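Accompanying notes for the structure given below.
2 protein chains.
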Amino acid sequence: MSGRLYLVPTPLDHGCAVQSPLDDVLPLRTLRVAAALTHWISENAKSTRAFLKRVDACVPLAQPIQALHISELPRAVHKKGDHAGVAPFDARPLLAPALQGTDIGLISEAGMPAVADPGSSVVRAAHALGLEVVPLVGPVSPLLALAASGLGGQHFAFVGYLPQASEARARRIHELEARALRGGQTQLFIETPYRNAALLRALLQTLQPGTRLAVSHGLTLDGGATRSATVRDWRTDAEAHAFAGDAPAIFAIGA
Amino acid sequence: MSGRLYLVPTPLDHGCAVQSPLDDVLPLRTLRVAAALTHWISENAKSTRAFLKRVDACVPLAQPIQALHISELPRAVHKKGDHAGVAPFDARPLLAPALQGTDIGLISEAGMPAVADPGSSVVRAAHALGLEVVPLVGPVSPLLALAASGLGGQHFAFVGYLPQASEARARRIHELEARALRGGQTQLFIETPYRNAALLRALLQTLQPGTRLAVSHGLTLDGGATRSATVRDWRTDAEAHAFAGDAPAIFAIGA
Numbered sequence: 001m002s003g004r005l006y007l008v009p010t011p012l013d014h015g016c017a018v019q020s021p022l023d024d025v026l027p028l029r030t031l032r033v034a035a036a037l038t039h040w041i042s043e044n045a046k047s048t049r050a051f052l053k054r055v056d057a058c059v060p061l062a063q064p065i066q067a068l069h070i071s072e073l074p075r076a077v078h079k080k081g082d083h084a085g086v087a088p089f090d091a092r093p094l095l096a097p098a099l100q101g102t103d104i105g106l107i108s109e110a111g112m113p114a115v116a117d118p119g120s121s122v123v124r125a126a127h128a129l130g131l132e133v134v135p136l137v138g139p140v141s142p143l144l145a146l147a148a149s150g151l152g153g154q155h156f157a158f159v160g161y162l163p164q165a166s167e168a169r170a171r172r173i174h175e176l177e178a179r180a181l182r183g184g185q186t187q188l189f190i191e192t193p194y195r196n197a198a199l200l201r202a203l204l205q206t207l208q209p210g211t212r213l214a215v216s217h218g219l220t221l222d223g224g225a226t227r228s229a230t231v232r233d234w235r236t237d238a239e240a241h242a243f244a245g246d247a248p249a250i251f252a253i254g255a
Numbered sequence: 256m257s258g259r260l261y262l263v264p265t266p267l268d269h270g271c272a273v274q275s276p277l278d279d280v281l282p283l284r285t286l287r288v289a290a291a292l293t294h295w296i297s298e299n300a301k302s303t304r305a306f307l308k309r310v311d312a313c314v315p316l317a318q319p320i321q322a323l324h325i326s327e328l329p330r331a332v333h334k335k336g337d338h339a340g341v342a343p344f345d346a347r348p349l350l351a352p353a354l355q356g357t358d359i360g361l362i363s364e365a366g367m368p369a370v371a372d373p374g375s376s377v378v379r380a381a382h383a384l385g386l387e388v389v390p391l392v393g394p395v396s397p398l399l400a401l402a403a404s405g406l407g408g409q410h411f412a413f414v415g416y417l418p419q420a421s422e423a424r425a426r427r428i429h430e431l432e433a434r435a436l437r438g439g440q441t442q443l444f445i446e447t448p449y450r451n452a453a454l455l456r457a458l459l460q461t462l463q464p465g466t467r468l469a470v471s472h473g474l475t476l477d478g479g480a481t482r483s484a485t486v487r488d489w490r491t492d493a494e495a496h497a498f499a500g501d502a503p504a505i506f507a508i509g510a
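The listed protein sequences derive, respectively, from chains A and B.
Note that our numbering numbers the first sequence so that position 126 is 126, with each residue one more than the last.
Note that our numbering numbers the second sequence so that position 157 is 412, with each residue one more than the last.
In structure tokens form, the structure reads like this:
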């Protein structure tokens, strides 16, 4: 019988100075499965080992960390105009142990693997090989941000990064605003953290006064917050213009 | 100091005969916050009490269930052509206890509140009143389905229900396929469970052979599964045509 591919989510505190206990954000089943796995596919073996050390503090690992097999994914390929672009690749060789009956974990740097990261090629390969794919529960930042925004959650899209060039960015903002207002589809997007302030400025210049804008940072973390208001209200609150600072943030616009 | 609005996710086993322990799918922090809350806003007080009974088995409740305050949301208003349509309403009166300093929990029937349910009006009202909104970690079925699909997770949209009339539904399927193939945006949608088979048939008749289609059911539950393949492969596998049965399912199409 073939092994399964488990999609193992991780906390959103990657790179943060203060990290809370894993069981604050991961259910026991996720921790138990992670503790039992001996084979992993990851973006970065070093941070996977750091994560597993934290798992071990909650649920003892089946094998010492040094004895685990961790395969790294190919590095992200940055396509022009698309930060998060990763060329699809044939990940079937990485899954060979599963064909011998060994369960494998897929893990990303933060959050749910195969959402906004290169892991989907691995999941696709697992389906091609007829392996069972099992997603485990953990934090998923775009959906936490959507819920916390108070914007319509019945229809929504996550559109990644906006263009950096100011004219192209303004055009894209108008396009997303039209989809949010006329199409009723809340639009979520992200930015490289040090450009948060520039993006927020562009949004406040470009959007209509009545459009709602929400920004979340530090989701699931101490000191995290969400601000959601009309563009009119954002404009008149000078303090809000530095809201997310240079923390990883998620932006949303809606009716 | 004002109270907070906590967004408390629930398991995806609402209405299932067999339910697993809550800590399988909810992290300890979510359980601890839920156990401490005395005021709730919910779609259905009866199922909120049933959920809190399960919480109590993991983390003892601060107050007996009979002593809790549970306010119900207005019933969903089914707008023509949109099953999940809920008219926005002024939810500020429901949040009065928070202005006196009491934390309030918002909860839905299954999964994350304010995603694909009427809770967003409450979240919006909380922002209008200047309350802190704190989303807690738990299962979110559209994102579990996206991760398990192996379809591109860098750009995606959740579009709710498709039209029921066959011509309108076929037009909508073509439109979603174009967004998935030309726009590179994975499209996720749902159906009333007893219509799963009819929707799957329509998808297999309408989509191009090379388009990828994924269907997930029973996410986070025993016996749950995800099938992801090209339309060509779905068509040649007669068994697959009854894949989701009449279980709640999530459909995805992508390149």
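Each residue gets a CB set at the ideal place from its N, CA and C atoms; glycine is no exception.
Predicted, not measured: the structure shown is a model, and the values here were computed from it.
Got a sec: is the Cβ-Cβ distance from residue i to anything in chain A below 8 Å?
i                  : result
Leu-399 of chain B : yes
Ala-484 of chain B : yes
Phe-413 of chain B : yes
Leu-262 of chain B : yes
Ala-289 of chain B : no
Val-395 of chain B : yes
Gln-409 of chain B : yes
Arg-379 of chain B : yes
Asp-279 of chain B : yes
Output yes or no for whether 8 Å exceeds the beta carbon distance between residue i and residue j.
i                  : j                  : result
Val-231 of chain A : Leu-207 of chain A : yes
Ser-120 of chain A : Leu-94 of chain A  : no
Thr-293 of chain B : Ala-317 of chain B : yes
Pro-394 of chain B : Val-280 of chain B : yes
Thr-466 of chain B : Ala-403 of chain B : no
Ser-471 of chain B : Ile-445 of chain B : no
Gly-111 of chain A : Val-8 of chain A   : no
Leu-151 of chain A : Ala-252 of chain A : yes
Gly-218 of chain A : Ala-247 of chain A : yes
Ala-45 of chain A  : Arg-92 of chain A  : no
Val-378 of chain B : Ala-371 of chain B : no
Leu-459 of chain B : Arg-427 of chain B : no
Ser-483 of chain B : His-127 of chain A : yes
Leu-398 of chain B : Leu-143 of chain A : yes
Trp-295 of chain B : His-324 of chain B : yes
Ala-157 of chain A : Ala-412 of chain B : yes
Val-159 of chain A : Leu-176 of chain A : yes
Is there a C-beta anywhere in chain B that falls below 8 Å from the one on residue i?
i                  : result
Pro-60 of chain A  : no
Leu-28 of chain A  : yes
Ala-240 of chain A : no
His-14 of chain A  : no
Ser-120 of chain A : yes
Leu-219 of chain A : yes
Thr-226 of chain A : yes
Leu-52 of chain A  : no
His-78 of chain A  : In this predicted model, His-78 of chain A has a pLDDT of only 44, less than 50, meaning its place in the structure is not dependable; the value taken from the coordinates is given anyway. Chain B, which has no Cβ nearer than 8 Å to the Cβ of His-78 of chain A, makes this no.
Gly-130 of chain A : no
Leu-151 of chain A : yes
Pro-113 of chain A : yes
His-290 of chain A : In this structure chain A extends from 1 to 255, so residue 290 of chain A is not present and cannot be described.
Val-215 of chain A : no
Ile-190 of chain A : no
Pro-209 of chain A : no
Gln-164 of chain A : no
Gln-19 of chain A  : no
Asp-90 of chain A  : no
Among the options, which has the Cα closest to the Cα of residue i?
i                  : options                                       : result
Leu-384 of chain B : B:Pro-397, B:Pro-352, B:Asp-477 and B:Leu-406 : B:Pro-352
Ala-400 of chain B : B:Arg-437, B:Ser-363, B:Val-263 and B:Leu-476 : B:Leu-476
Pro-266 of chain B : B:Thr-303, B:Ala-291 and B:Val-314            : B:Thr-303
Gly-408 of chain B : B:Arg-287, B:Tyr-261 and B:Ala-510            : B:Ala-510
Leu-443 of chain B : A:His-155, A:Arg-171, A:Ala-50 and A:Ala-247  : A:His-155
Pro-135 of chain A : A:Ser-2, A:Pro-27, A:Ala-17 and A:Asp-13      : A:Pro-27
Val-314 of chain B : B:Glu-364, B:Ala-291, B:Trp-295 and B:Lys-301 : B:Ala-291
Gly-258 of chain B : B:Ala-272, B:Gly-270, B:Cys-271 and B:Val-288 : B:Val-288
Phe-344 of chain B : B:Glu-387, B:Ala-484, B:Pro-329 and B:Gly-438 : B:Pro-329
Met-256 of chain B : B:Val-414, B:Glu-387 and B:Leu-431            : B:Glu-387
Gln-100 of chain A : A:Gly-15, A:Thr-186 and A:Leu-5               : A:Leu-5
Cys-271 of chain B : B:Val-310, B:Asp-492 and B:Glu-364            : B:Glu-364
task: Please determine if the region 234–254 of chain A and the region 259–277 of chain B are in contact, where contact requires at least 3 C-beta pairs separated by less than 8 Å.
output: No contact exists between the region 234–254 of chain A and the region 259–277 of chain B.
| message | Just to confirm the assignment: which complete beta strand (DSSP E) runs, minimum length 3, are found wholly within the region 4–44 of chain A? | response | Runs of beta strand (DSSP E) with 3 or more residues, each lying fully within the region 4–44 of chain A, are found at 5–8 and 39–42, listed in chain order.
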